[in-house]
Amino acid sequence: MEFTALFLTIAMLVAWRGPRPVAIGLFAVILIACVATLLHHATDRLTLSF
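When you number the sequence shown by the numbering used here, it's gap-free, plus one each residue, and the end is 1339.
Here it is as structure tokens:
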């Protein structure tokens, strides 16, 4: 959720008003952060007790 808000507020505003290389760089950084967060949480062990 926080990465969606970050993308919509920062990267989209830069893409709309700023230079294209900066917008592409921000997109790449946010995409890498999203994938890293996904992989971090996807490998967590679930402590289930039935």
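Just so it is clear, CB atoms sit at the ideal spot from N, CA and C, and this is done for glycine as well.
Practice task
State the DSSP-derived secondary structure class of Leu-1335, mapped to helix, strand or coil.
Solution key: By one-based count along the sequence shown, residue 1335 stands at place 46. Residue state, collapsed to three classes: coil.
Problem - With 16 other Cβ atoms within 10 Å as the buried cut-off, status of Ala-1317 - result: Mapped onto the sequence shown, residue 1317 falls at position 28. Ala-1317 should be labelled exposed.
Handout entry: For Pro-1308, three-class secondary structure by DSSP
Key = Within the sequence shown, residue 1308 is the residue found at index 19, counting from 1. Pro-1308: coil per DSSP, three-state reduction.
Exercise for the section: Leaving aside the five residues before and after Val-1303 along the sequence, list all residues of the same chain whose C-beta is less than 6 Å from its C-beta, in chain order. Expected result: In the sequence shown, residue 1303 corresponds to position 14, counting from 1. Excluding positions up to five away in sequence, the list reads Val-1311, Ala-1312, Leu-1315.
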